[in-house]
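Below is one structure, written out as structure tokens; the observations come after it.
There are 2 protein chains.
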Amino acid sequence: MVEQKAVVTPWEVTGDINYEKLLTQFGLQPLHTDFSHVLFRRKKIFAHRDYQPIAQAIQQKKPFVMMTGLMPTGKFHIGHYILAQQMVLYQKLGAKIYIAVADVEAYSARSQSLEESRTIAIDQYILNYIAMGLQPENCEIYFQSERSTDSAIANQYYQLQNILASHVTFNEFKGAYGEITPGKLTASLLQGADMLQPQLLHPGLPVVVPVGVDQDPHIRLARDIAKRVGLKPFSSTYHVFLPGLKGGKMSSSDPTSFVALTDTPKEIKSKINKYAFSGGRDTVEEHRKLGGNPDIDVSYQWLTFFEEDDAKLADIYNRYKSGELLSGELKAILIEKLTAILSAHQEKRIEAKSRIHEFLYQK
Amino acid sequence: MVEQKAVVTPWEVTGDINYEKLLTQFGLQPLHTDFSHVLFRRKKIFAHRDYQPIAQAIQQKKPFVMMTGLMPTGKFHIGHYILAQQMVLYQKLGAKIYIAVADVEAYSARSQSLEESRTIAIDQYILNYIAMGLQPENCEIYFQSERSTDSAIANQYYQLQNILASHVTFNEFKGAYGEITPGKLTASLLQGADMLQPQLLHPGLPVVVPVGVDQDPHIRLARDIAKRVGLKPFSSTYHVFLPGLKGGKMSSSDPTSFVALTDTPKEIKSKINKYAFSGGRDTVEEHRKLGGNPDIDVSYQWLTFFEEDDAKLADIYNRYKSGELLSGELKAILIEKLTAILSAHQEKRIEAKSRIHEFLYQK
Numbered sequence: 001m002v003e004q005k006a007v008v009t010p011w012e013v014t015g016d017i018n019y020e021k022l023l024t025q026f027g028l029q030p031l032h033t034d035f036s037h038v039l040f041r042r043k044k045i046f047a048h049r050d051y052q053p054i055a056q057a058i059q060q061k062k063p064f065v066m067m068t069g070l071m072p073t074g075k076f077h078i079g080h081y082i083l084a085q086q087m088v089l090y091q092k093l094g095a096k097i098y099i100a101v102a103d104v105e106a107y108s109a110r111s112q113s114l115e116e117s118r119t120i121a122i123d124q125y126i127l128n129y130i131a132m133g134l135q136p137e138n139c140e141i142y143f144q145s146e147r148s149t150d151s152a153i154a155n156q157y158y159q160l161q162n163i164l165a166s167h168v169t170f171n172e173f174k175g176a177y178g179e180i181t182p183g184k185l186t187a188s189l190l191q192g193a194d195m196l197q198p199q200l201l202h203p204g205l206p207v208v209v210p211v212g213v214d215q216d217p218h219i220r221l222a223r224d225i226a227k228r229v230g231l232k233p234f235s236s237t238y239h240v241f242l243p244g245l246k247g248g249k250m251s252s253s254d255p256t257s258f259v260a261l262t263d264t265p266k267e268i269k270s271k272i273n274k275y276a277f278s279g280g281r282d283t284v285e286e287h288r289k290l291g292g293n294p295d296i297d298v299s300y301q302w303l304t305f306f307e308e309d310d311a312k313l314a315d316i317y318n319r320y321k322s323g324e325l326l327s328g329e330l331k332a333i334l335i336e337k338l339t340a341i342l343s344a345h346q347e348k349r350i351e352a353k354s355r356i357h358e359f360l361y362q363k
Numbered sequence: 001m002v003e004q005k006a007v008v009t010p011w012e013v014t015g016d017i018n019y020e021k022l023l024t025q026f027g028l029q030p031l032h033t034d035f036s037h038v039l040f041r042r043k044k045i046f047a048h049r050d051y052q053p054i055a056q057a058i059q060q061k062k063p064f065v066m067m068t069g070l071m072p073t074g075k076f077h078i079g080h081y082i083l084a085q086q087m088v089l090y091q092k093l094g095a096k097i098y099i100a101v102a103d104v105e106a107y108s109a110r111s112q113s114l115e116e117s118r119t120i121a122i123d124q125y126i127l128n129y130i131a132m133g134l135q136p137e138n139c140e141i142y143f144q145s146e147r148s149t150d151s152a153i154a155n156q157y158y159q160l161q162n163i164l165a166s167h168v169t170f171n172e173f174k175g176a177y178g179e180i181t182p183g184k185l186t187a188s189l190l191q192g193a194d195m196l197q198p199q200l201l202h203p204g205l206p207v208v209v210p211v212g213v214d215q216d217p218h219i220r221l222a223r224d225i226a227k228r229v230g231l232k233p234f235s236s237t238y239h240v241f242l243p244g245l246k247g248g249k250m251s252s253s254d255p256t257s258f259v260a261l262t263d264t265p266k267e268i269k270s271k272i273n274k275y276a277f278s279g280g281r282d283t284v285e286e287h288r289k290l291g292g293n294p295d296i297d298v299s300y301q302w303l304t305f306f307e308e309d310d311a312k313l314a315d316i317y318n319r320y321k322s323g324e325l326l327s328g329e330l331k332a333i334l335i336e337k338l339t340a341i342l343s344a345h346q347e348k349r350i351e352a353k354s355r356i357h358e359f360l361y362q363k
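Residue numbers (this note's numbering), protein chains in the order written: chain A, 1 to 363; chain B, 1 to 363.
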């Protein structure tokens, strides 16, 4: 198999990604923590910029801020789950959580109305966050189009957007966003305000923005602008991609590339059996003889995110590699695991519906 | 004298301006009203777009809105006075007055801090408006960087800025603003929000934005965008330029081109005697014989704005044209007139200082 040159930008992720190389290419630091969570101990979150103040705050049990956003389009899938897990984790570790609903960006990038964004944000994202354990205390979810019921906070936010505009060039935007329009430009500035306002609201507290590694150009740009307006570049962490079912990048616009958190057991089973790229051999005989390749097998890759038991995971790896475990059997293990996780999650989602008002101010 | 080709754009005004030609060039309508105010009856406000709803509201004594802005840089001079007179006039006629302090624009176009803009806006502009008779009732003055203490109004304003961004192209901006930067672009969108929010705050009420005729490209752009987002293109009126002392355009950045509203009698006298472009002849003898040219004489032109008595003005015109009145004598008439107006104004400015809190919410 010929290695395909990897392209990792905010608007394209293709080829065989070598995360080691990305560290050097993007100028990131490898992340080492002693957190027991799967995402950290398995290096799914593998890199950072300036993470030290966050690690220190956690170690000393001091407050800090985690800032993130959601794009209210499509279905909430298990790729989004990776980031949402970090919200819940950081909140437990003492972080104040800010979540920006990028409804202005959805409007400019996809012509989606603010009303539709609100509906999708609540139904697809916020309900899932609540079901995953996000607590309303120490958590602020807001819409870019309507920052706050506190006018001082709202004014400060949009003032920041307007101020940032004078400290960035068109070429820098093009570098981070590719083709640019007036709508995308203002949405990008608003994203900058999302990432930088927390340090105005909590002077002195460290702020971390966790992202998928393809988002680093946005982070770099916002950190650069921060310095120019006398603010501190926030910390950031980078997670690897949960691969799409068929390999390649998982995409909200391609339902055969993901499992949604609201998929039924039947849908989970059918999608994985039908689409999950296999590292197994063409025939059972060949597989028994030569063994499968877990490193390119999407079902196995997914299990590395969801099977928390290291011994169990190692056993699956070895048995698949030796040929003892067939592709269909590996898929069955993933199906069982995901069905268990999502069934429990979906029950909690039902309860979550009655708690939505605790997380959002009333319109 | 060779006629110089006129250039009238927001960033350049030069040459001999033919206002009749501008009507056709910009696609404006000539304005006819029965208002007795000098600015209207002498056609200083000479053109409009869609003025009919405003004329009707005034005639039927129904509420309407006048929206305008101020750029908080430099000194408030008698060029600004022309626009400020319209605020006071429209307020008396039943308009709700909105005044946007363009501190975000001053930041992006001139790197002026928001704090400095606030100081200049109050000292140079708002105090003069109050001295001229602006009343706090039915009047809202706000800063672009801090729209309102009412979060619903603030959120709506900046939401409008962000929404407008998706309905305009870079080329349209270049057409209206010349060279464009990210900062100028966002400031322009905010100006759009300034002009369009009043109709969201007062559904159904007609809105008028009075401007100098060089500002029409901004008006055209904002009216065009309005249609695209389902809003109504507001009405606009256009006034001629009060010429600079030396002829040409009056400019805040050139103190020899204007008289400031805070200039002392001595300064007024000295500036007019020293700089006012004269339509008189080279020698007294020649002047007596051939007469002066009031049509190019800046002192006379200024009097057409400030001498309200039509008979008196006609008498000055005729005596100057016949050569009876010398240039120095014409200047003396203007000096006397302006000194009287500004002395009275400056007394009112002192009183105005104690009333500023009635016009601005406290920080």
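All residues carry an ideal CB built from backbone N, CA and C; glycine is no exception.
Within the continuous alpha helix (DSSP H) that includes residue i, where are the two ends?
i         : result
His218(B) : 216-228
Arg349(B) : 327-352
Ala176(A) : 170-177
Phe277(A) : That residue, Phe277(A), is in no alpha helix (DSSP H); it is neither H nor E in DSSP.
Gly183(A) : 182-201
Ile316(B) : 310-322
Thr304(A) : 298-306
Ile78(A)  : 78-92
How would you label residue i, buried or exposed, when you count the other beta carbons within 10 angstroms and need 16 or more for buried?
i         : result
Thr73(A)  : buried
Lys5(B)   : exposed
Ala55(B)  : buried
Val208(A) : buried
Val104(B) : buried
Ser117(B) : buried
Ala187(B) : buried
Arg223(A) : buried
Ser354(B) : exposed
Arg147(A) : buried
Lys227(A) : exposed
His357(B) : exposed
Asp315(B) : exposed
Asn162(A) : buried
Val284(A) : exposed
Pro206(A) : buried
Report the option in the options whose CA atom is closest to the CA atom of residue i.
i         : options                                    : result
Arg220(A) : Gln4(A), Lys5(A), Ala6(A), Pro10(A)        : Pro10(A)
Arg65(B)  : Thr33(B), Ile99(B), Pro255(B), Ser108(B)   : Here residue 65(B) turns out to be Val, not Arg, going by the sequence shown. When each option's Cα is compared against that of Val65(B), the closest is Ile99(B).
Gly328(B) : Asp297(B), Leu313(B), Thr339(B), Glu347(B) : Asp297(B)
Asp16(A)  : Ser354(A), Asp295(A), Thr237(A), Lys92(A)  : Asp295(A)
Leu39(A)  : Gly248(A), Thr237(A), Glu105(A), Leu127(A) : Thr237(A)
Asp50(A)  : Tyr275(A), His239(A), Phe234(A)            : Phe234(A)
Glu12(A)  : Lys21(A), Gly212(A), Glu324(A), Ile141(A)  : Gly212(A)
Gly248(A) : Phe277(A), Lys227(A), Leu160(A), Ala260(A) : Phe277(A)
Ala340(A) : Phe173(A), Leu326(A), Gln301(A), Pro265(A) : Pro265(A)
Asp254(B) : Ala84(B), His77(B), Gln159(B)              : His77(B)
Ser111(B) : Thr181(B), Ile225(B), Ser151(B)            : Thr181(B)
Met132(A) : Gln191(A), Thr68(A), Ile82(A)              : Ile82(A)
For the beta strand (DSSP E) holding residue i, just list the boundary residues, first then last.
i         : result
Met66(B)  : 64-70
Tyr98(A)  : 95-101
Tyr238(B) : 235-239
Gly212(A) : 207-212
Glu140(A) : 139-143
If residue i sits next to residue j, beta carbons under 8 Å apart, how far is it from one beta carbon to the other, in whole angstroms?
i         : j         : result
Val8(B)   : Asp214(B) : 5 Å
Gly79(A)  : Phe258(A) : 6 Å
Gly292(A) : Lys321(A) : 6 Å
Leu127(A) : Ala344(A) : Rounded, the Cβ-Cβ distance is 15 Å, inconsistent with contact.
Please name the residues in the region 144-162 of chain A whose beta-carbon is closer than 9 Å to at least one beta-carbon of chain B, in chain order. Taken in chain order, the members of the region 144-162 of chain A whose beta-carbon sits within less than 9 Å of a beta-carbon on chain B are Gln144, Ser145, Glu146, Arg147, Ser148, Thr149, Asp150, Ser151, Ala152, Ile153, Ala154, Asn155, Gln156, Tyr157, Tyr158, Gln159, Gln161, Asn162.
Anything in the region 60-79 of chain B with a Cβ closer than 7 Å to a Cβ of chain A? List those residues in chain order, please. none
Give me the subset of the region 182-199 of chain B whose CB atoms are less than 7 Å from a CB atom of chain A, sorted by chain position. Pro182, Gly183, Leu185, Thr186, Leu189, Leu190
Closer than 8 Å, Cβ to any Cβ of chain B: which residues of the region 85-118 of chain A, in chain order? Per Cβ criterion, the list reads Val104, Tyr107, Ser108, Ser111, Leu114.
Near-chain B residues of the region 251-277 of chain A (beta-carbon distance less than 7 Å), N- to C-terminal order: none
Using a Cβ-Cβ cutoff of 8 Å, what residues of the region 224-238 of chain A are near chain B? List them in chain order. Cβ contacts with chain B come from no residue of the region 224-238 of chain A.
Interface positions of the region 299-321 of chain A facing chain B (Cβ-Cβ less than 9 Å), listed along the chain: Residues of the region 299-321 of chain A with a Cβ closer than 9 Å to any Cβ of chain B: none.
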